[in-house]
Structures are given as structure tokens and as C-alpha cells.
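Residue numbers (this note's numbering): 384 to 930. Even for Gly, the Cβ is constructed at its ideal location relative to N, Cα and C. Inspection log for the structure reproduced underneath, given as C-alpha cells.
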Amino acid sequence: MRAETPVLIVGGGPVGLAAALDLSWRGIDSVLIEQDPCTSPVLLAKAGTLNARSLEFFRRWGLSDAVAHWGAPEDYPRDTVYCTSLGGRLVGRDKAPSQRERRPPDCSPEMLQKCPQHVLDPLLADAVVRGGRTDIRYSTRLAGFAQDADGVTVELVDVRSGETSALRAQYLVACDGAASVVRRSLGIPFEGPTLDYSVSALLRIDALEQHHTFGLAERFMFMGEGGTWANMTSVDFLGLWRFTMVGSEERLDPRKLDLAPILARAFGDKPIPYEVLRVVPWRRSQCTAAQYVQGRVLLAGDAAHTTSPTGGHGLNTGLGDVVGMGWVLQALLEGWGGPSLLQAYADERRAVALRNGASSTRNYKAWVRSDADYQLIDANGPDGDAARARIGAQLSAMLYPEWNSLGIAMGYRYEGSPIVVPDGSPEPPDEPSECVQTARPGHRAPHAWLADGRSTIDLFGRGFVLLHLGDAVVPTDALQDAAREAGVPLAVEHLREPQVRQLYERPLVLVRPDGHVCWRGDTLPHDAVALLDTVTGHARVDAEVAA
Ligand SMILES: Cc1cc2nc3c(=O)[nH]c(=O)nc-3n(C[C@H](O)[C@H](O)[C@H](O)COP(=O)(O)OP(=O)(O)OC[C@H]3O[C@@H](n4cnc5c(N)ncnc54)[C@H](O)[C@@H]3O)c2cc1C
């Protein structure tokens with residue numbers, strides 16, 4: 384007899400683990416398969432920057448403290464230094480405060496944190512195990528799958544023994560990375576450019592700051608006459624560094640790469656002792672799956688989109704997918720969600736990937752550009768000084784959105800979504816570095832502190848929340864009755880704080896389980912049932928998703 388599960392998650396990287404965690408938090412069982420023998424089997428030189436929105440998700444899952452305080456020195460400055468080499472000339476510096484000096488922005492109870500994947504992934508895996516609702520199967524690979532109207536039948540292979548088994552799931556979630564077998568099997572195009580082929584080396588360098596005069600910095604960008612050619616970023620502020628060469632159009636073979644002269648160029652005349660832990664080739668691209676959903680299969684994370692890491696938006700976008708998807712699956716599995724929820728997930732999250740990917744590519748193009756000034760980057764005398772000053776100032780201006788991306792983190796909106804009811808207010812600008820909160824339908828419901836010390840965002844998550852704001856009496860019974868009748872989880876929160884009423888702009892605001900506003904008004908509409916139908920996905924379905 385075949386085993387069964389509500390949701391099969393393929394891939395136990397950070398996005399697959401977060402998907403399992405969110406489902407478990409919602410009371411939904413899943414099976415997660417991962418072809419590797421454990422979580423984080425090798426030291427990964429990938430994601431580290433987790434933005435404030437991701438931290439809000441971790442807050443929801445009870446992990447924000449663990450992600451923020453995992454043992455890195457908290458007084459380490461987060462500066463970026465532009466230089467010709469560690470022993471060479473200083474071209475510019477973007478100062479950034481240490482974790483201890485920073486405070487959450489006004490728009491969030493949380494702030495950006497740095498937590499590298501060799502710390503984050505095990506934290507996520509432990510939380511998934513503690514949740515008690517996920518059957519994690521390591522050394523298990525997806526071999527094939529077929530779907531019908533009621534579910535997905537998958538074939539699994541134990542990679543150690545070669546034994547195969549079958550599993551039946553109601554939904555399959557593909558978190559199997561950029562080379563996603565699931566996406567390829569479905570024939571879904573992965574559209575977008577390859578920007579370059581890069582190589583990163585993971586280095587151990589103890590007390591690097593003792594070997595140069597630039598002081599502590601999170602990141603060094605190395606530049607020569609042709610522009611920026613490499614960068615080196617602290618992975619953990621404890622001696623682990625990721626050195627990345629600007630890529631080429633050709634794939635580089637790491638076995639043929641002689642790192643010593645490359646590092647000598649970056650370190651200048653400084654004999655800096657280092658140990659090479661790993662060398663990882665990777666493709667820098669901005670690709671987006673043409674479809675996020677096909678039938679009962681959903682794509683998330685790198686399986687659905689890739690971005691240049693310039694900005695650190697890849698995993699953050701994947702975590703957004705997870706939160707956008709979790710409640711949709713909950714609604715469908717519990718029977719109160721309608722068919723256009725899947726279309727909404729696809730529309731909403733694909734647009735965010737396109738937006739975040741475009742921003743990352745803009746950042747990448749800014750740091751690889753060069754102009755005539757670079758010819759003088761190492762020149763003595765006033766002409767050289769002036770050229771370096773111009774380059775430094777230009778880099779600081781052009782890379783500002785890379786180091787300051789609160790708008791990317793918080794300002795995405797689900798414009799035109801089939802399950803969001805517009806209120807006619809104009810769409811505000813979408814600036815990468817600015818977070819201007821709004822409760823306009825489609826946007827993340829704003830954060831404000833409540834009198835009892837909670838944030839408004841602490842109210843959202845497991846079901847819909849109808850915020851009743853201010854002192855005026857506004858009837859809410861019709862929506863509560865409709866929700867009870869349809870089995871839709873809905874709570875009403877009456878908040879009297881004047882600043883919250885002002886921020887949300889209307890006395891009634893309906894917030895979805897993912898924390899996005901889906902409707903607001905002065906009074907409930909005459910047909911509260913129709914409103915509920917729309918926001919729970921019963922109103923319209925697109926043929927592409929149903930296919
Ligand atoms: C240099 C670099 C720096 C980066 N920095 C940042 C950053 O600071 N912030 C940020 O947000 N993002 C960053 N990223 C991007 C980030 O690393 C990725 O977006 C993220 O790792 C994607 O996670 P994922 O779980 O979707 O995919 P993956 O991490 O690729 O995980 C996919 C998993 O699926 C498993 N799998 C694949 N096929 C199968 C199968 N058939 N059966 C079973 N299991 C399977 C794989 O073994 C793997 O464990 C960076 C990327 C790079 C390259």
C-alpha cells in the first residue's frame with residue numbers, strides 16, 4: 384500500500400525547510416525529501432543576509448532571536464571598503480553600523496540580520512523537527528511524479544540502497560533549487576539572462592584586520608584599471624570569508640584555478656596567511672519560471688527564481704514564497720480555499736521575483752561598470768587622488784540600493800491579484816531603499832506598536848484578521864457570520880490606538896494569513912459573502928493554473 388501525505392516538499396535547502404516549518408506552524412503534516420544525507424552537509428558560501436521581512440517571518444515561527452544572536456560578534460562594523468588591494472590604495476568606504484548599534488526601522492519590529500546558511504539551515508531543520516509534523520527523509524531523491532485531479536503520485540529513490548518507493552501527496556511543493564527537476568519535468572521554461580559564471584572561494588583568515596590598515600569591515604571590493612574584479616565578504620565575522628571573482632562568460636573549472644596569484648593580487652604586498660576551505664563555481668543569473676503552479680505542483684525558492692546575489696535577495700524572496708504559499712495550502716487542504724488561490728500565489732510571487740531580480744541585476748551592473756577614471760585608479764599625485772575620489776563617490780551612490788534595501792524587503796505589493804480587492808487609491812512608488820508603510824490592499828499590513836507591547840504584525844498569521852480600528856462603532860457581524868458559515872478562520876481585533884487608526888486609514892481592514900491587506904473600507908460591503916469568496920479564492924480561476 385502507498386503512503387500518503389497532504390504535502391510533499393522536494394528539497395531540504397532553506398526554502399524547503401522553511402516551507403515545512405510554516406506548514407507545521409499551521410498544523411499541516413508534510414513529508415520533506417532531501418537527496419543529501421543531512422542538512423548542510425558542506426560549508427555553504429551562499430546566503431547570509433536576511434532582511435527585516437524575513438526576520439518578521441522568523442519572529443512568527445519563534446526563531447528571530449536565534450537567527451539574530453547565534454554567536455557572531457555583535458560589535459563588528461558592517462562597512463564596505465573599496466580598494467585596489469588590502470595593501471594598496473583606499474578608493475572609498477561606505478560606513479555601516481554594527482549589529483549592536485543598529486535599531487529596527489520604524490516600519491518593523493525586526494531588522495536585517497546576518498546569519499550564514501551553515502548556521503541558519505540547521506536552525507531551521509531543528510525547528511522543523513520540534514514542530515513534530517514533518518517526516519524528513521534524507522538521502523531520498525525524487526525520481527518521478529505524475530499528477531491527476533486528486534493528487535500527485537511520486538516515485539522516491541533511497542540514494543544509498545537504490546530502493547524505490549511510492550508516495551501519494553495532495554500537493555507537491557518543489558524547493559529543489561535552481562536546477563529543479565520538478566520544474567524541468569513539467570516543461571516550465573526558466574526565462575532570463577545568465578549574467579556571468581562566477582567562482583567563490585571560502586577562506587579561513589584569522590584576524591585579517593591585523594594584516595592591513597583599513598580596519599574592520601564586512602566587505603572589501605577590489606578594483607583595478609578594468610573596474611571591480613573581486614570582492615571578499617565576511618561570512619561569520621569570526622574568520623570565515625567568501626572571496627568571489629567577478630565572473631566571465633565562460634564557465635571556470637575550479638580544479639584548474641590557481642587561487643594563489645589571484646589572492647596575492649587582492650592582498651597586495653601583504654603576506655596574509657589563509658586556508659582555502661572550498662571553491663564553488665556558480666552561475667549568476669536572473670531567471671524566473673514562466674509558471675509557478677501547474678495543477679497540484681507549486682514551485683518556490685530557487686526552483687522558481689534566481690537572482691544575482693548583489694543585494695542578497697534570493698533566499699529572502701524564497702522565504703516570501705513560503706509565507707505566500709503556506710496559507711494557500713492550508714486553505715485548500717482545510718476546504719475553505721477556492722481554486723483561484725493557486726493562481727494568486729503564482730501571480731503574486733512571480734511579480735515579486737521579477738522585481739527583486741531586476742533590482743539585483745541593476746546592483747550587479749553598477750559594481751562591474753568602469754569608466755576612464757579607472758585608468759588612474761593606481762596613479763600617484765592629484766589626478767590619481769581625484770579619480771579615486773570620483774570612483775569612490777560614484778560607487779557609494781550607485782551601490783546605495785544594494786546596502787540599503789528596506790524597500791525591496793518590505794515594499795512589495797500584490798497589485799492586480801485576483802484575491803485582493805482594490806480600493807481605488809493610487810499605487811505608491813516602489814523605491815528599493817525606502818519603506819513607506821501603507822494599508823492599501825495588496826501591501827504588507829503595516830507595523831505599529833500596540834499599547835500592550837505587541838506589534839500589529841504579531842496579530843496576523845493563522846487565519847484572516849479583520850481589524851476594527853478606532854472608537855467608532857462599525858458592524859462586523861456580517862463578515863464574521865459569513866466566515867463561520869464557510870469555515871474560514873477569521874478573528875476580529877478591535878484596536879483603539881489612534882496612531883494605528885491613522886496608519887491604516889480606514890476603520891475596517893481585512894488582513895490575510897500572510898500579513899497582506901486584502902480589503903479595507905469605512906463599512907463592510909453589502910455583500911460580505913462575496914467579499915469573503917473573493918479573498919478566499921472562490922471568485923475566478925485562470926485556465927493555465929487549472930491545466
Ligand atoms: C554567493 C551567493 C551569495 C548569496 N547570498 C545571499 C544572501 O545574502 N541572501 C539571500 O537571501 N540569498 C542569497 N543567495 C541566494 C541563496 O543562497 C539561495 O536563494 C537559496 O540558497 C535558495 O534556497 P533553496 O532552498 O530554494 O534552494 P537550494 O539551497 O538550492 O536547495 C535545494 C535543495 O534541494 C535538494 N534537491 C535537489 N533536487 C532534489 C531531488 N530530486 N530530490 C531531493 N532533493 C533534491 C538539494 O540537494 C538542495 O538541498 C546567495 C547565493 C550565492 C550564490
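Beta-carbon spacing of ARG524, VAL535 below 9 Å: In this structure, VAL535 does not lie closer than 9 Å to ARG524 by Cβ.
Nearest candidate by alpha-carbon position, reference ARG752, set GLY607, ASP477, GLU717 and ILE588: ARG752 has its Cα closest to that of GLY607, out of GLY607, ASP477, GLU717 and ILE588.
Through-space distance from GLU785 to LEU873, alpha-carbon basis: So the two alpha carbons sit approximately 39 Å from each other.
Separation of VAL464 from ALA930, as counted between CA atoms: Confidence at ALA930 is low in this model, with a pLDDT of 39, below 50, so its placement is unreliable and the value that follows should be read with caution. Each residue's Cα considered, the two are about 51 Å apart.
Cβ neighbours of ALA451 in the same chain (closer than 6 Å, five flanking residues each side left out): If we look at ALA451 and ignore the five residues flanking it on each side, its Cβ neighbours are GLN496.
Segment contact flag, the segment 729 to 748 with the segment 684 to 692, C-beta cutoff 8 Å, min 3 pairs: Contact annotation: the segment 729 to 748 touches the segment 684 to 692, with at least three C-beta pairs closer than 8 Å.
contact_flag[the segment 759 to 772, the segment 860 to 880] where n(CB pairs < 8 Å) is 3 or more: At 8 Å Cβ cutoff, the stretches do not touch.
Contact test: ARG625 Cβ vs ligand 2 heavy atom, cutoff 8 Å: Ligand 2 is not part of the structure shown, which contains ligand 1 as its ligands.
Bounding residues of the alpha helix (DSSP H) (the contiguous stretch that carries GLN645): Note that residue 645 is Ile in the sequence shown, not Gln. In this chain, the alpha helix (DSSP H) harbouring ILE645 covers 642 to 650.
Through-space distance from GLY575 to CYS670, alpha-carbon basis: So the two alpha carbons sit approximately 4 Å from each other.
Sequence-distant residues of the same chain with beta carbon closer than 8 Å to ASP905, five excluded per side: Contacts found: VAL857, ARG889, PRO890 and LEU891.
Cβ-heavy atom distance, GLN1012 to ligand 1, below 8 Å: Only positions 384 to 930 of the chain appear in this structure, which leaves residue 1012 out of reach.
Cβ distance (whole Å) where ASP428 is taken to contact LEU415 below 8 Å: Checking the sequence shown, residue 428 turns out to be Ala, not Asp. Actually they do not touch by this definition, with Cβ atoms about 24 Å apart.
Residue interval of the alpha helix (DSSP H) (run including GLN777): That run of the alpha helix (DSSP H) goes 764 to 781.
Completely contained alpha helix (DSSP H) runs for the segment 589 to 663, where each covers 4 or more residues: For the segment 589 to 663, whole alpha helix (DSSP H) runs of length 4 or above, ordered along the chain, are 642 to 650.
Run of the beta strand (DSSP E) containing HIS877, from where it starts to where it stops: Residues 873 to 878.
From ARG867, LEU473 and LEU406, residue whose alpha carbon lies closest to that of GLY651: That would be LEU473, whose Cα lies nearest to the Cα of GLY651.
For PHE847, the three-state DSSP class (helix, strand or coil): Three-state result, PHE847: strand.
With 16 other Cβ atoms within 10 Å as the buried cut-off, status of SER413: Buried is the call here.
Identity of the residue in TRP624, LEU585 and GLY609 nearest PHE603 by Cα: Closest by alpha carbon: TRP624.
DSSP beta-bridge partners of SER742: Paired residues: none, contrary to the question.
First and last residue of the uninterrupted beta strand (DSSP E) at TRP444: Boundaries cannot be given for TRP444, as no beta strand (DSSP E) includes it and DSSP labels it neither H nor E.
VAL857: first and last residue of the uninterrupted beta strand (DSSP E) it sits in: From DSSP, VAL857 is part of no beta strand (DSSP E); its letter is neither H nor E.
Three-way DSSP call (helix, strand, coil) for TYR580 in this model: Correct three-state label for TYR580: strand.
Member of VAL556, THR616 and LEU433 whose CA lies at the smallest distance from the CA of ARG461: Checking every option, the nearest Cα to that of ARG461 belongs to THR616.
GLU493 beta carbon near ligand 1 (any heavy atom closer than 8 Å): When distances are taken from the beta-carbon of GLU493 to the heavy atoms of ligand 1, even the shortest one reaches 8 Å or more.
Sub-9 Å separation of SER447 and ASN699 beta-carbons: No, these two residues do not count as a Cβ contact at 9 Å.
Residue-level contact to chain C via CB, VAL803, 9 Å cutoff: Reference to chain C is not applicable here, since this structure consists of a single protein chain.
First and last residue of the uninterrupted beta strand (DSSP E) at ASP518: Start and end: 517 to 520.
Span separating the alpha-carbon of PHE441 from that of ARG476: Those two C-alpha atoms are separated by around 32 Å.
Chain-order list of residues whose beta-carbon lies under 6 Å from that of GLN820 (same chain, five-residue window excluded): The answer, listed in chain order, is CYS490 and PRO829.
One or two residues paired with ASP541 in a DSSP bridge: THR523, per the DSSP bridge assignment.
Member of ALA913, ARG516 and ALA749 whose CA lies at the smallest distance from the CA of SER779: When only C-alpha atoms are compared, the closest one is ALA749.
Residue closest to GLY790, alpha-carbon to alpha-carbon, out of HIS696, ASP533, ARG551 and GLY898: Selected option, being the one with the closest Cα: HIS696.
Spatial distance of CYS421 from ASP559 (CA atoms): Looking at the two C-alpha atoms, the distance is approximately 15 Å.
When ASP504, GLU457 and GLU493 are compared against ALA479, the one with the closest alpha-carbon: The residue among ASP504, GLU457 and GLU493 with its C-alpha nearest the C-alpha of ALA479 is GLU457.
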